[in-house]
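Asker: Protein chains in written order, with the numbering used here: chain A, 1 to 358; chain B, 1001 to 1413.
Provided herewith is a single structure, encoded as structure tokens, for subsequent inquiry.
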């Protein structure tokens, strides 16, 4: 809030000094550019250029022999992309199966990991809590451990005679053979409700190479085990972000709401959560991007099986490139994945923004 | 002000990036498929996919002794993931001179011109088993020298076998006998047979019924009555509880189910010896040839060759290296070091004398069937695998039809 006096003083300045100021600003911005140029150069060299090169590969029929930038490499236009959406074949079925799998995966992982992270952050943010540092470290620990090591531990826990099923059997539940069970949980629920044979309307029609019945399978039992693992490992990092944001909330705001007689639940709903919105956006966005790109857990634990129910787009892209030696198709899949992630992030940003204006 | 400048800066960065991309493009070696050959002492790069420390050490030792006696240098690079590392090396135009190449991958590499076809220049090429030569022949040309091989056999847990009152005379040699024996074992409360749920095991039954997946001229022939008969036999065993997939027994592969005595028999290759020795040393077992089907005896054969890259500048030296590695005494030394079967027929007599227990594996050599010899079928075969896991509840005919149409699409025929 500038006072009228101050604006008057800064108002009509002599032309010479204005020019001088402009020159100074230009020199300043030049210096600024100079300072960030190493970072920009690195980004361009190691991010932008490889991305553009990959995009070029996705437009060719390169065989993986020698450079893709020689005149002998046949140009394919958009045919690699068309194969993923239009041409009926294994490539489309595999890719669409992976998209279906990861849709369910994202649908479960993102809300669960955000809720868990927020819950943990609220717990360890309490002032009067015994062993606060210990719990903060303990909850963060899975995030700093190698995902490969954790995946292998989970493989042992989820074997048919493993720890998880032993615990379940205490409650009289016969656990499934987790990593060899390809049944989708929606299908399982329906058959529990008495629907054993799928309706013909769903099996005979479909979209992009999968029937509606296949689209609606839900995550397989094996995928659920992977979801549990990922939620557990990632929530630690997001807990830290929420924790930092919680500690940024001024104590006066919380105190004044207490004076106004807000209950604990009201405080959370109307004071704390609105102030966490930027962090919530960050966590949701990072979670969304990370979930769509899931690769190492799949690579270590299931290799896409059982019955392709844990294929992820990143893993399909990898096997298409290095097992089938079809690098152009693999690159095309990567760019479709990129487009999906951008669209999802934009949609999510719009959702959160609309709520802010209301 | 800065708002105005931003798009301009973006354009500048993009233009710079494009320039750089073009620059990098010319930075690649854009050499012709066969590069200029250099004579004289060479420094050979040899990439291997080692089964373990024993193999790495043995190959390094053999390469070093070849290098000193021939006046060259030889560097052995053990790969962690040879598919990926070879793919990167070929894309970067700097492939290793010599490398292990699996029979299932030969068509992939040969079809894009990555391999130097040196088969006709090999010393005594006819001495290699004919089935192995066939496995490395793509469109009529022998591309590389078979390194060694393994075949599938029927492993039998002898303690469980005799507990069920069975003797050596009961070892099955036909499908009918296998079924009878399996029923006997099941009646005694044992699981007769555990197999890994993959085409690398189950295709043996298809071959025994006279079927193939891709024929010698590279055409897909999956949907045939012979293949159907093979799959129906396996499905029958599955449905009657005479055969179970290793994955349903909470084990990673047939050998693990066998070692843990969850089943009396399994179908694996000679690599099972090493696994049994280290993981289940107390399990006594014997190995028999796979039972013959309606079309006679057949087994699956797994083999690798010494590939030489077309881009290598030291073809003569690389060929000399491969000749040295595939010579009979060297192959017998490898067999002793890490348990593989020599690929030359003239090594057979000595090998049988040294490893009498593996006679059954060697007996498979004359009717061994190599992996599907066609390019870009990896995803088709993994789709086939995922279908096979559902074999108990799926119509075999539809599995074969799906395989046929996927193969036809992949092979463009």
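Built from N, CA and C at the ideal position, the CB exists for glycine as well.
Measure the beta-carbon distance from residue 288 (chain A) to residue 106 (chain A) and round it to whole angstroms, keeping in mind my assumption that it falls under 8 Å.
Answerer: At roughly 7 Å, the Cβ-Cβ gap stays under 8 Å, so residue 288 (chain A) and residue 106 (chain A) are in contact.
Asker: State the Cα-Cα distance for the pair residue 1324 (chain B) and residue 1062 (chain B), rounded to the nearest angstrom.
Answerer: For residue 1324 (chain B) and residue 1062 (chain B), the distance between alpha carbons rounds to 9 Å.
Asker: Taking only beta-carbon positions, decide if residue 80 (chain A) is within less than 8 Å of chain B.
Answerer: Residue 80 (chain A) does not count as touching chain B.
Asker: If we count the other Cβ atoms within 10 Å of its Cβ and call it buried at 16 or more, is residue 205 (chain A) buried or exposed?
Answerer: Under this definition residue 205 (chain A) is an exposed residue.
Asker: In whole angstroms, what separates the C-alpha of residue 360 (chain A) from that of residue 245 (chain A)?
Answerer: This structure does not reach residue 360 (chain A), given that chain A is present from 1 up to 358, and the question cannot be answered.
Asker: Please list, in chain order, the residues of the stretch 1085 to 1099 of chain B that have any C-beta partner in chain A closer than 7 Å.
Answerer: Answer set for the stretch 1085 to 1099 of chain B: 1087, 1090, 1091 and 1093.
Asker: Using the C-alpha atoms, what's the distance from residue 1346 (chain B) back to residue 1147 (chain B)?
Answerer: Each residue's alpha carbon lies about 14 Å from the other.
Asker: Going by the DSSP bridge assignment, what does residue 1305 (chain B) pair with across the sheet?
Answerer: DSSP, once it has assigned bridges, lists B:1101 and B:1146 as partnering residue 1305 (chain B).
Asker: Do residue 1264 (chain B) and residue 1192 (chain B) count as a contact pair if the criterion is CB distance below 8 Å?
Answerer: Result yes, Cβ atoms of residue 1192 (chain B) and residue 1264 (chain B) sit closer than 8 Å.
Asker: Check whether the stretch 297 to 314 of chain A touches the stretch 267 to 287 of chain A, taking contact to mean three or more Cβ pairs, one atom from each stretch, closer than 8 Å.
Answerer: Result no; under three Cβ-Cβ pairs closer than 8 Å.
Asker: With a threshold of 8 Å, are at least 3 pairs of Cβ atoms found where one atom belongs to the stretch 1114 to 1123 of chain B and the other to the stretch 1308 to 1324 of chain B?
Answerer: Yes, since at least three Cβ pairs between the stretch 1114 to 1123 of chain B and the stretch 1308 to 1324 of chain B fall closer than 8 Å, the two stretches touch.
Asker: For residue 335 (chain A), which residues of its own chain have a beta-carbon under 7 Å away from its beta-carbon, when the five flanking residues on both sides are left out?
Answerer: Closer than 7 Å at Cβ, skipping near neighbours: 55 and 58.
Asker: Is the beta carbon of residue 1096 (chain B) less than 8 Å from the beta carbon of residue 1046 (chain B)?
Answerer: Yes, they are a contact pair.
Asker: Leaving out five residues before and five after residue 1397 (chain B) in sequence, what residues of the same chain have Cβ atoms less than 7 Å from its Cβ?
Answerer: Only 1228 meet the Cβ criterion.
Asker: Give the secondary structure of residue 1321 (chain B) by DSSP, where H, G and I count as helix, E and B as strand, and everything else as coil.
Answerer: The answer is helix: DSSP assigns residue 1321 (chain B) an H, G or I state.
Asker: Give a yes or no on whether the minimum CB-CB distance between residue 117 (chain A) and chain B is below 8 Å.
Answerer: By this cut-off, residue 117 (chain A) is not an interface position.
Asker: Between residue 1278 (chain B) and residue 115 (chain A), what straight-line distance do the alpha-carbon atoms span, to the nearest angstrom?
Answerer: The straight-line gap from Cα to Cα measures roughly 46 Å.
Asker: Kindly indicate which three-state DSSP category residue 1169 (chain B) falls into: helix, strand or coil?
Answerer: DSSP places residue 1169 (chain B) in helix when its eight states are reduced to three.
Asker: Classify residue 1437 (chain B): buried if its beta carbon has 16 or more other beta carbons within 10 angstroms, exposed otherwise.
Answerer: Since the displayed chain B opens at 1001 and closes at 1413, residue 1437 (chain B) lies outside it and no answer follows.
Asker: With a CB to CB cut of under 6 Å and the five nearest residues on each side skipped, what residues in its chain are close to residue 1188 (chain B)?
Answerer: Here the set comprises 1164.
Asker: At what residues does the beta strand (DSSP E) containing residue 1156 (chain B) begin and finish?
Answerer: From DSSP, the beta strand (DSSP E) with residue 1156 (chain B) extends over 1153 to 1157.
Asker: What does the alpha-carbon distance come out to for the pair residue 178 (chain A) and residue 101 (chain A)?
Answerer: Roughly 16 Å between the two C-alpha positions.
Asker: Using a C-beta cutoff of 8 Å, does residue 146 (chain A) count as contacting chain B?
Answerer: So no, residue 146 (chain A) is outside the interface.
Asker: Who are the neighbours of residue 1376 (chain B) on chain A, taking C-beta pairs under 9 Å?
Answerer: Per Cβ cutoff of 9 Å: 324, 325 and 326.
Asker: Does residue 1394 (chain B) come within less than 8 Å of chain A when only Cβ atoms are used?
Answerer: It does not: the Cβ of residue 1394 (chain B) has no partner Cβ on chain A nearer than 8 Å.
Asker: Of the choices B:1355, B:1389 and B:1289, whose alpha-carbon is the least far from that of residue 1154 (chain B)?
Answerer: It is B:1289 whose Cα lies nearest to the Cα of residue 1154 (chain B).
Asker: Run through chain A and tell me which residues come within less than 9 Å of residue 1247 (chain B), C-beta to C-beta.
Answerer: Per Cβ cutoff of 9 Å: 177, 179, 180, 305 and 306.
Asker: Using 8 Å as the threshold, is the C-beta distance between residue 231 (chain A) and residue 254 (chain A) below it?
Answerer: Against a cut-off of 8 Å, the Cβ pair of residue 254 (chain A) and residue 231 (chain A) comes out as no contact.
Asker: Using a cut-off of 8 Å between C-beta atoms, extract the partners of residue 285 (chain A) located in chain B.
Answerer: Per Cβ cutoff of 8 Å: no residues; residue 285 (chain A) is ~22 Å from chain B at best.
Asker: Report buried or exposed for residue 1268 (chain B), applying the criterion of at least 16 other Cβ atoms within 10 angstroms of its Cβ.
Answerer: Buried is the call here.
Asker: On the premise that residue 1361 (chain B) lies in contact with residue 1051 (chain B), defined as a C-beta separation below 8 Å, what is that separation, rounded to the nearest angstrom?
Answerer: At roughly 16 Å, the Cβ-Cβ gap does not stay under 8 Å, so residue 1051 (chain B) and residue 1361 (chain B) are not in contact.
Asker: Taking 8 Å as the threshold (beta carbon to beta carbon), is residue 358 (chain A) in contact with chain B?
Answerer: Residue placement at residue 358 (chain A) is poorly supported in this model, since its pLDDT is 44, which falls under 50; the coordinates still yield a value, given next. Judged by the 8 Å Cβ criterion, residue 358 (chain A) is not in contact with chain B.
Asker: Report the rounded CA-to-CA distance for residue 330 (chain A) versus residue 1087 (chain B), giving the unit in angstroms.
Answerer: For residue 330 (chain A) and residue 1087 (chain B), the distance between alpha carbons rounds to 13 Å.
Asker: Whose C-beta lies closer than 8 Å to the C-beta of residue 219 (chain A) among residues of the same chain, with five residues either side of it excluded?
Answerer: These residues qualify, in order along the chain: 101, 104, 105, 108, 184, 185, 227 and 309.
Asker: Counting only beta-carbon atoms, is residue 997 (chain B) nearer than 8 Å to chain A?
Answerer: Here chain B comprises residues numbered 1001 to 1413, so residue 997 (chain B) is not present and cannot be evaluated.
Asker: For the putative contact between residue 117 (chain A) and residue 242 (chain A), defined by C-beta atoms under 8 Å, what is the C-beta separation to the nearest angstrom?
Answerer: Yes, residue 117 (chain A) and residue 242 (chain A) are in contact; Cβ-Cβ is about 6 Å, under 8 Å.
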